[in-house]
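S.K.:
In full-length UniProt numbering, the protein residues as written are 1 to 1006.
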């Protein structure tokens, strides 16, 4: 080799050594940095370590170093909770599949998450570990950690599998057994739990925890004495939450040992699950109080069990009922027994609850269903009951005491035993009275006849006989009425009935209607002698006695009787005064008659008889020859009472006065006025006839002929046939031959639609149709009479037409008819009828101010009966409620309650309870509702409304059970009353939402 070549070779070698030296220096530097980064990682300076590992990775000359750096970069990312941490781990495994740190990476990340309590994350990475690649020392830790992760995430099956591997491990065995035992405890495998807890119970770290679980385990295994011992030992060392649970264990253990006194203080200290008790918790404490006879505290706990539907609830509700009975709260007891009776978890409790429900219903009434229904249902459900005789006795009596006669009748129809026949006789009688008081006379008559068909009790037979006669009287069947009253009079037991006191009065009136005035006056006198204390009837009896004497021409006696009526002054004093004046005339004492009539006109300015008095006074002056005064009185009558039926008579009289004084022209003026303004009336016919004579006397027949042609309502040539046809029909009418009379009156009207007797014919045929209950057919005939000029038939036609409209609730049509009746009626009772129905019609049409005004008018009449008074006060009360004036409504309803019967009384009682509720008198309100349920259960609408109000009262009294149960029953049983059900549902929703805050067993309503 030449020197040149050698030199070049040496240079090459030198260069090579230099490169190797440089590479060695770089590698050495990376190792140093790697060790530095590893030190930072071990010192938990993950961000600095990650940064340095990243730099080293960039210059790493070996794959091993590079993969190790990637491993630690990913590990730092996990510990720094960087978003890409999981991906870096996955990338590491993917990029370096041969790295020895692959399994270690999964383990390290999983262990990191495990130690930081992120068990779901830990599980994800433990699942990736290749268990076969783990060293034996690592496998126990891996199994325990995996088992614990599964335990925490409630995967008990996996947890048990992993933990069972290490239950004998020196390091992990105690913990594994504790968790295996706990899982068995949670799964109600108490024997296994007890076995494992027993193996670790000696270790100090578990001793405190296990005391609670072992106490609970012994309780659940039925070892109550041991549970009490362990729980009491643990109490001083426990936190508040655990103390609550331990108290529950102790209390319930004592409860199961039937040591109720010892149980109460511990059960009371229980704070519930998350601050809430459940129905079983309330039951246990309530029953413990019940067994100590501490019924008030028992009630306080039992009634918190809302909506329960299991054996615990049934038992609780039954004992709640018994607790209420023991503190004499029977309405509350009824609801509790009813609830228990509707559950079939324990059939013996159900039967006992049914029995108690039936008995309490009988005692206090039942707003849900009639008492007879309840008792009948019990007997049907338990036909072999040992209490059958007792319940049957109550059932028979309940038909009467329930006062729900309509419902009782449905149950009694077809029952044929002697006891049921007795009940049937009484129930039909009382139902008949209800219908009679509602003016449903046809229906009432049917019920009285049914009562008489079962003459089991002589007293009720007599009473039914009397009231059937009363209905006959009101149906204008006077002959039948008289027979009935006489039959009643002949019954020995009649003297023991309340009806006997007015018998003479009723018989007298019946004779009076038959125009048998001799008998009528005899019986009125008998009544007057016996009944001096009943001033209203006494007043009326004197009036009718006087009328009887009057029409019998016994005017002196009539005057004495009218004077007695005037002295009493309770009713129709103006009528008595007027009739007395007429009587003076009939006995020939004209001066007394005139003085009395003058006095009457001045004294009774508002009397309906004032126009009658003026007409009579005018006639009396004429008779005495004082035509000047007569003409003045007639003029006053015509001016002040232009719509009076006496106006055409007064005008006719004035014409006749002029005619008799040979003042033909003034006479013709009066006669023509009558003929023109009152066509078709008897006065008009007479005026035409008298005018004819004047025209003849004056020789002005042509003038008469021209004038009379203008009068369309009369055809002189047909007059005789007109009279004959009418009189034939009238005779049938007077003979009470109804069907033939209708036929002949229709024939007359067909032949003479504008005849001389058209008005009378329309009136009589209308009356006949009305009597046959063909009211729609009668209506146009009554309207004809009311649309005609005022006549003697107008008032009666207005009355009948008003009755038809009001019965059919045709309020708009009724008002103008009633208004006319009010202003035009002569009879006070018709005025009262008009006013009372005007108040009803205006109320129904929502004219509340007018309704109240008419009600107040009605109440000014002193002689109205209680039903009309009640109606008036009810209209005032209802109108006040509608207009928001509850203070006035309260006063009015209080008045209603003193006089009302039937549904009106039920309404008044409801509002009595309503106003007590508003005033915060909840118990008083409930007492009133109990009266409503007992005495008026037949009126379901107010029963339902009363129950909703009762529920509100109970909730205000902190009795949530009563409140919710009643509301649920209303919703279930009174679906026909949508407004009441809607109110009940709203209240129930509100209460359940509130109660659900403290009772976990309650599901709030949507």
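Using N, Cα and C, we set each Cβ at its ideal position, and we do this for glycine too. From a predicted model like this one, the values you see are computed outputs, not experimental measurements.
Buried or exposed: where does residue 275 fall if 16 or more other Cβ atoms within 10 Å of its Cβ makes it buried?
M.R.: The sequence position of residue 275 within the chain shown is 275, counting from 1. By the 10 Å Cβ count, residue 275 comes out exposed.
S.K.: Quick one: give me the first and last residue of the alpha helix (DSSP H) that residue 596 is part of.
M.R.: As a first step, residue 596 must be located in the chain shown, where it is residue number 596. Residues 590–603.
S.K.: Taking DSSP as the reference, what is the three-state secondary structure of residue 293?
M.R.: For the purposes of this step, residue 293 is identified with residue 293 of the chain shown, where counting begins at 1. Coil at residue 293, not helix or strand.
S.K.: In the structure shown, what three-state DSSP assignment does residue 812 receive?
M.R.: Against the chain shown, residue 812 aligns to sequence position 812. Three-state DSSP puts residue 812 in a helix.
S.K.: Excluding the 5 residues flanking residue 880 on each side, which residues of the same chain have their C-beta closer than 6 Å to its C-beta?
M.R.: To locate residue 880, count along the chain shown from 1; it is residue 880. Within the same chain, residue 880 has close Cβ partners 888 and 889.
S.K.: Does the region 467–474 come close enough to the region 506–515 that 3 or more CB-CB pairs lie under 8 Å?
M.R.: The region 506–515 vs the region 467–474: in contact.
S.K.: In chain order, which alpha helix (DSSP H) runs of at least 4 residues are fully inside the region 395–443?
M.R.: Complete alpha helix (DSSP H) runs here, min 4: 405–412 and 418–437.
S.K.: Three or more C-beta pairs closer than 8 Å, one from the region 969–981 and one from the region 392–399: is that the case here?
M.R.: Cβ pair count under 8 Å is below three, so no.
S.K.: Could you work out which residue in 155, 372 and 104 is closest to residue 119 when comparing CA atoms only?
M.R.: Indexing the chain shown from 1 puts residue 119 at position 119. Residue 119 has its Cα closest to that of 155, out of 155, 372 and 104.
S.K.: Between which residues of its own chain and residue 965 is the CB-CB distance below 6 Å, once the five residues before and five after are set aside?
M.R.: To locate residue 965, count along the chain shown from 1; it is residue 965. Cβ within range, chain order: 335 and 339.
S.K.: Assuming the contact rule is C-beta atoms closer than 8 Å, residue 305 and residue 316 should be a hit. Round their C-beta distance to whole Å, please.
M.R.: Stepping through the chain shown from its first residue, residue 305 is reached at position 305. Stepping through the chain shown from its first residue, residue 316 is reached at position 316. 5 Å between Cβ atoms; contact.
S.K.: Since I believe residue 624 is in contact with residue 597 (beta carbons under 8 Å), could you give me their beta-carbon distance rounded to a whole number of angstroms?
M.R.: Position 597 of the chain shown, counted from the first residue, corresponds to residue 597. Position 624 of the chain shown, counted from the first residue, corresponds to residue 624. Their Cβ separation, rounded to whole angstroms, is 12 Å, which puts residue 597 and residue 624 out of contact at 8 Å.
S.K.: Report the start-end ranges of each alpha helix (DSSP H) in the region 315–353 that is 4 residues or longer and not cut off at the edges.
M.R.: Fully enclosed alpha helix (DSSP H) runs of 4 or longer: 330–341.
S.K.: Nearer than 6 Å: is that true of the beta carbon of residue 224 relative to any heavy atom of the ligand HEM?
M.R.: You won't find the ligand HEM in this model; it holds no ligand whatsoever.
S.K.: Within 10 angstroms of the Cβ of residue 81, are there 16 or more other Cβ atoms? Answer buried if so, exposed if not.
M.R.: Taking the chain shown and counting its residues from 1, one reaches residue 81 at position 81. When all chains shown are included, residue 81 counts as exposed.
S.K.: What are the boundary residues of the alpha helix (DSSP H) that includes residue 648?
M.R.: The count along the chain shown starts at 1 and reaches residue 648 at position 648. Its alpha helix (DSSP H) spans residues 646–660.
S.K.: Taking only three categories from DSSP, how would you classify residue 670?
M.R.: Working through the chain shown from its first residue, we reach residue 670 at position 670. Helix at residue 670.
S.K.: So the alpha helix (DSSP H) residue 858 belongs to, where does it begin and stop?
M.R.: Against the chain shown, residue 858 aligns to sequence position 858. Its alpha helix (DSSP H) spans residues 848–859.
S.K.: To which residues of the same chain is residue 1001 closer than 6 Å at the C-beta, ignoring the five residues directly before and after it?
M.R.: Numbered from its first residue, the chain shown carries residue 1001 at position 1001. These residues qualify, in order along the chain: 278 and 279.
S.K.: Write down the C-beta distance between residue 797 and residue 786 rounded to the nearest angstrom, noting that I regard them as a contact closer than 8 Å.
M.R.: Numbered from its first residue, the chain shown carries residue 797 at position 797. Numbered from its first residue, the chain shown carries residue 786 at position 786. The pair is a contact, with the Cβ atoms about 5 Å apart (cut-off 8 Å).
S.K.: DSSP three-state call for residue 516: helix, strand or coil?
M.R.: Locating residue 516 in the chain shown gives position 516, where the first residue counts as 1. Three-state result, residue 516: coil.
S.K.: To which residues does DSSP link residue 276 through a beta bridge?
M.R.: Position 276 of the chain shown, counted from the start, is the residue given in the question as residue 276. The partner list for residue 276 (beta bridge, DSSP) reads 273.
S.K.: Going along the chain, which residues of its own chain have a beta-carbon closer than 7 Å to the beta-carbon of residue 463, five neighbours each way excluded?
M.R.: One-based indexing of the chain shown puts residue 463 at position 463. For residue 463, where only same-chain residues beyond five positions count, the Cβ hits under 7 Å are 429, 497 and 499.
S.K.: What ranges does the alpha helix (DSSP H) occupy inside the region 867–951, keeping only unbroken runs of at least 4 residues that lie completely in it?
M.R.: Listed in chain order, the complete alpha helix (DSSP H) runs (minimum 4 residues) inside the region 867–951 are 886–899, 902–918 and 922–935.
S.K.: Closer than 8 Å is the cut-off here; do at least three beta carbon pairs connect the region 703–713 with the region 804–823?
M.R.: Touching, no, given that fewer than three Cβ pairs across the two stretches are closer than 8 Å.
S.K.: Can you tell me whether residue 913 is buried or exposed, with buried defined as 16 or more other CB within 10 angstroms of its CB?
M.R.: Along the chain shown, one-based indexing puts residue 913 at 913. Buried, because 16 or more other Cβ atoms sit within 10 Å of the Cβ of residue 913.
S.K.: Residues bridged to residue 999 by DSSP?
M.R.: Residue numbering aside, residue 999 sits at position 999 when the chain shown is read from its first letter. For residue 999, which the question treats as bridged, DSSP gives the partners 277.
S.K.: For residue 657, which residues of its own chain have a beta-carbon under 7 Å away from its beta-carbon, when the five flanking residues on both sides are left out?
M.R.: Your numbering for residue 657 matches position 657 in the chain shown. 622, 627, 630 and 631.
S.K.: Could you give the distance in angstroms between the alpha-carbon of residue 468 and the alpha-carbon of residue 773?
M.R.: Locating residue 468 in the chain shown gives position 468, where the first residue counts as 1. Locating residue 773 in the chain shown gives position 773, where the first residue counts as 1. Going from the Cα of residue 468 to the Cα of residue 773 covers about 19 Å.
S.K.: For residue 570, which residues in the same chain have their Cβ closer than 7 Å to its Cβ, ignoring the five residues on either side in sequence?
M.R.: Start at 1 with the first residue of the chain shown, and residue 570 comes out as number 570. Closer than 7 Å at the Cβ level, and outside the excluded window around residue 570, lie 535, 536, 539, 862 and 863.
S.K.: Whether or not the region 842–850 and the region 810–820 are in contact is what I'm after, with contact meaning three or more pairs of Cβ atoms, one per stretch, closer than 8 Å; do they touch?
M.R.: These segments touch.
S.K.: Can you tell which of 550, 585, 674 and 849 has its C-alpha closest to the C-alpha of residue 688?
M.R.: On the chain shown, residue 688 is found 688 positions in, with the first residue counted as 1. When only C-alpha atoms are compared, the closest one is 674.
S.K.: Buried or exposed: which applies to residue 606, given that a residue is buried once 16 or more other Cβ atoms fall within 10 Å of its Cβ?
M.R.: For the purposes of this step, residue 606 is taken as residue 606 along the chain shown, with counting starting at 1. Exposed, because fewer than 16 other Cβ atoms sit within 10 Å of the Cβ of residue 606.
S.K.: According to DSSP, is residue 981 helix, strand or coil?
M.R.: Your numbering for residue 981 matches position 981 in the chain shown. Three-state result, residue 981: helix.
S.K.: Let me know the secondary structure DSSP gives residue 471 once reduced to three states.
M.R.: In the chain shown, counting from the first residue as 1, residue 471 sits at position 471. Residue state, collapsed to three classes: helix.
S.K.: Using a threshold of 7 Å, state whether the C-beta atoms of residue 367 and residue 905 are closer than that.
M.R.: Residue mapping note: residue 367 aligns to position 367 of the chain shown, counting from 1. Residue mapping note: residue 905 aligns to position 905 of the chain shown, counting from 1. Not closer than 7 Å, so no.
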